[in-house]
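Here the numbering used here = 1-based position in the sequence shown + 496.
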Amino acid sequence: MTDELSSSSSDTKTCPKCEATWIGCQHYWSGTGKLGNELDLAGLVCNNFGDETCINPFKGVDGGVTWQERTSNLPKIPNDPE
């Protein structure tokens, strides 16, 4: 492995807006540290709350998981007649 390749694969970037992290070219969620999906990050965060400091390359791209999808999967609470 060349020095150039090894140094580029270990570059770490953190978004100043949402604190999502990229190690090399792979996104990790800020709250959990789990492997992430840039398109889901855009659908949930960047496209709604991002600004010019957002570093997600998928910011502005439609797709991925959205809050509308997530809330539609929540269990329904029956109305309380009281």
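Ideal placement from N, C-alpha and C gives every residue a C-beta, glycine not left out.
Remember, predicted model here, so these are calculated numbers, not experimental data.
Item, Value
"4 or more residues per run - each alpha helix (DSSP H) lying fully within the stretch 523-576", "534-537, 563-568"
"DSSP state of LYS513 mapped onto helix, strand, coil", "coil"
"Cβ-based neighbour list, LYS509, same chain, cut-off 8 angstroms, excluding 5 preceding and 5 following", "THR517, TRP518, ILE551"
"Selection from VAL541, GLY529, TRP525 that minimises the alpha carbon distance to TRP563", "VAL541"
"Of the residues GLY527, THR528, GLN522, the one placed nearest LEU535, counting alpha carbons only", "GLN522"
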